[in-house]
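Here the structure is laid out as structure tokens; the discussion comes afterwards.
Residue numbers (my numbering): 20 to 242.
Here is the structure:
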């Protein structure tokens with residue numbers, strides 16, 4: 020497991036981060052991930068282990084954008100993250116990876132057609148689609164889950180035979196595909212909302228009334 024500079028990833032105490040140096044820049048330059056003794060950083064480490072290529076790509080994009088902003092501001096670290104780093108942070112903290120061999124599922128999700136996504140396709144979950152949690156802040160929320168937890172879903176279309184593979188092979192495939200998709204053009208609009216408690220089987224009592232809760236399963240806003 021290495022970063023974009025080819026340096027091995029190591030988890031080190033938070034105290035190893037020099038005062039005044041940015042977290043992402045430090046990881047990019049050293050391969051060392053400052054880690055505190057808390058659930059947030061524990062889940063972050065787990066994601067590094069599960070999806071190392073995606074994490075490395077996110078760090079590479081963050082570090083490059085920080086360097087660009089620093090140069091443009093005359094050597095001073097920019098106070099505002101900007102659109103790219105906002106979108107990268109959302110991916111890192113709050114995303115889920117929705118994998119499907121049926122592209123119409125993605126269209127239904129973007130349209131907020133919750134009945135189509137969660138009721139009509141209920142039996143598709145685990146057969147032609149699956150969800151992997153990625154955002155470590157999202158995982159931390161699920162320690163004490165509540166109905167309104169909503170992920171920023173990154174949509175990954177796969178071939179039908181993907182679901183014949185063992186889970187480790189599927190995860191490695193997703194890791195490589197998404198790492199190749201992420202670019203400096205990433206923006207918040209690239210995600211789709213995914214209410215996690217709506218995923219079939221994640222909680223009990225997922226009846227019609229459950230999905231009728233418009234405070235969670237919100238209609239799409241018309242602009």
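Virtual Cβ for every residue (Gly too), placed ideally from N, Cα, C.
Values in this document were obtained by computation on a predicted structure and should not be read as measured data.
| request: Can you have a look at residue 40 and say buried or exposed, based on whether 16 or more other CB atoms are within 10 angstroms of its CB? | output: Its Cβ having fewer than 16 others within 10 Å, residue 40 is exposed.
| said: For residue 230, report the span of its beta strand (DSSP E) as first-last. | reply: For residue 230, there is no enclosing beta strand (DSSP E); the residue is part of the alpha helix (DSSP H) that begins and ends at 227 to 230.
| message | Applying the 10 Å Cβ sphere with the 16-neighbour rule, what's the burial state of residue 57? | response | When all chains shown are included, residue 57 counts as exposed.
| Going by DSSP, what residues sit across from residue 151 in a beta bridge? | For residue 151, DSSP records a beta bridge to 116.
| field | Minimum length 4: unbroken alpha helix (DSSP H) runs contained in the stretch 162 to 212 | value | Here the runs fully enclosed are 186 to 200.
| Which residue or residues does DSSP assign as beta-bridge partners of residue 51? | According to DSSP, which records beta bridges pairwise, residue 51 is partnered with 29.
| message | Quick check: residue 87 and residue 50, are their CB atoms within less than 8 Å of each other? | response | Their beta carbons are not under 8 Å apart, which means residue 87 does not touch residue 50 by this criterion.
| Enclosing alpha helix (DSSP H) for residue 59 [first to last residue] | DSSP places residue 59 inside the alpha helix (DSSP H), whose first and last residues are 58 to 69.
| request: Give me the Cα-Cα distance between residue 59 and residue 65, rounded to the nearest whole angstrom. | output: Near 10 Å, if we compare the C-alpha coordinates of residue 65 and residue 59.
| How many Å lie between residue 211 and residue 135 at the Cα? | For the pair residue 211 and residue 135, the Cα-to-Cα distance works out to about 15 Å.
| task | Tell me, to the nearest whole angstrom, how far the beta carbon of residue 213 is from that of residue 170; I am working on the premise that it is less than 8 Å. | result | Going by Cβ atoms, the distance from residue 213 to residue 170 rounds to 5 Å, so yes, they are a contact pair.
| Alpha-carbon spacing of residue 44 relative to residue 130, whole angstroms | Residue 130 has its alpha-carbon roughly 37 Å from the corresponding atom of residue 44.
| query | With DSSP run on the structure shown, which of helix, strand or coil describes residue 141? | reply | Residue 141 falls in the helix class under three-state DSSP.
| Measuring CA to CA, which of 155, 138, 201, 164 is closest to residue 227? | Nearest to residue 227 by C-alpha distance, out of 155, 138, 201, 164, is 138.
| Expressed to the nearest angstrom, what Euclidean distance is found between the alpha-carbon atoms of residue 192 and residue 61? | Cα to Cα, residue 192 sits roughly 24 Å from residue 61.
| task | Using three-state DSSP, classify residue 21 as helix, strand or coil. | result | Looking at residue 21 - three-state DSSP - the assignment turns out to be strand.
| Nearest CA to the CA of residue 204: which residue from 71, 83, 46? | Nearest in C-alpha terms to residue 204, of all of 71, 83, 46, is 83.
| residue 127: buried (16+ other C-beta within 10 angstroms of its C-beta) or exposed? | Counting Cβ neighbours within 10 Å, residue 127 comes out buried, since at least 16 surround it.
| query | So, using beta-carbon positions, are residue 207 and residue 109 closer together than 8 Å? | reply | Going by C-beta atoms, residue 207 is nearer than 8 Å to residue 109.
| field | Cα-Cα separation, residue 111 to residue 201 | value | CA-to-CA, the gap between residue 111 and residue 201 works out to about 12 Å.
| task | Under 8 Å by Cβ, that's how I've got residue 190 and residue 151 pegged, so tell me the actual separation to the nearest angstrom. | result | Residue 151 and residue 190 do touch by the CB rule: their CB atoms are close to 7 Å apart, below 8 Å.
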